[in-house]
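Student: Before anything else, here's the structure in question.
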Amino acid sequence: MMVSWQFENATSIGIEAQKLSAQMAGRSIRYNIGNSTRISVLHGDIRDNSTVNDYFDLITGTPPYFKVKYEKNGETGRIKLAKPGYGALPSCEQSAPARYEFRGGIEEYCLAAKSHLKKDGIFVVCEGLGPHMNEKRVLQGAMKADLKILQVINVQGREDKPPLFGVYAMTHTENDSFKPREEIEKLIVRHKGGKRTSEYEKLMLQMGIPP
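Following my numbering, the numbering of the sequence shown begins with 341 at its first residue and continues without gaps.
Set out below in structure tokens:
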């Protein structure tokens, strides 16, 4: 809905892998926007290219960022245990896949974006940094999907803390319409004392959220 709010004339389609979450998103759209055909949410898997049969000017995504290791039963071959690569699995079945890679991570998102991005389209993705060190996976995922990174913004929750996540803008490798920025930019949310920075407040206003 944030993308649709920013681009009033755009038609937006969201893909949600969990049926319950897709239904909740649909209710939220109807509550906030009404029965508009301009924005919709589909229940599907981004790894299945048949979920959406179209190409887009802008694709956004926020992949889960914790890997999950599976142990299989030697006799049946069925999965008997899922171990998180970092942190503990949430007890809520609905929220766990938002953080843990039960359906893949940044690599799958890059491949899905590649399949549905227009020639001059942009793919914007948010990926966690920190101790799980996903930055290298972003670079490898982009390369595997034949995408090039145009811009990187590292987001710090506080100015004296390391970045929590990075925002990456990508496009097709052969697209020469955009020149990649050489320097990694940063956005600081709060000063040491906890007050929001002017840059963050300006961003919130652009998104329609007053300080």
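For every residue, glycine included, the Cβ atom is placed at its ideal position computed from N, Cα and C.
(1) Based on Cα-Cα distance, which residue from 497, 355, 525 lies nearest to residue 532?
(2) Going straight from the alpha carbon of residue 354 to that of residue 530, what length do you get?
(3) Quick one: grab the DSSP three-state call for residue 523.
(4) Assign residue 482 to buried or exposed, taking buried as 16 or more other Cβ atoms, counted over all protein chains shown, within 10 Å of its Cβ.
(5) Spatial neighbours of residue 352 within its chain, please: C-beta separation below 6 Å, excluding the five flanking residues on both sides.
(6) I need the boundaries of the beta strand (DSSP E) containing residue 356, first residue and last residue.
(7) To the nearest angstrom, how far is the alpha carbon of residue 535 from that of residue 522?
(8) Suppose the cutoff is 8 Å on Cβ atoms and the five residues either side in sequence are ignored; what does the same chain contact list for residue 446 look like?
(9) According to the neighbour-count rule (16 or more other Cβ atoms, all chains shown, within 10 Å of its Cβ), is residue 542 buried or exposed?
(10) Using DSSP with H/G/I as helix, E/B as strand and the rest coil, what is residue 549?
(11) Could you give the first and the last residue of the continuous alpha helix (DSSP H) run that contains residue 372?
(12) Rounded to a whole number of angstroms, what is the C-alpha to C-alpha distance between residue 408 and residue 527?
Tutor: In brief:
(1) 497
(2) 30 Å
(3) coil
(4) buried
(5) 343, 344, 379
(6) 352-356
(7) 30 Å
(8) 403, 405, 465, 467, 474, 477, 478, 481
(9) exposed
(10) coil
(11) 359-372
(12) 30 Å
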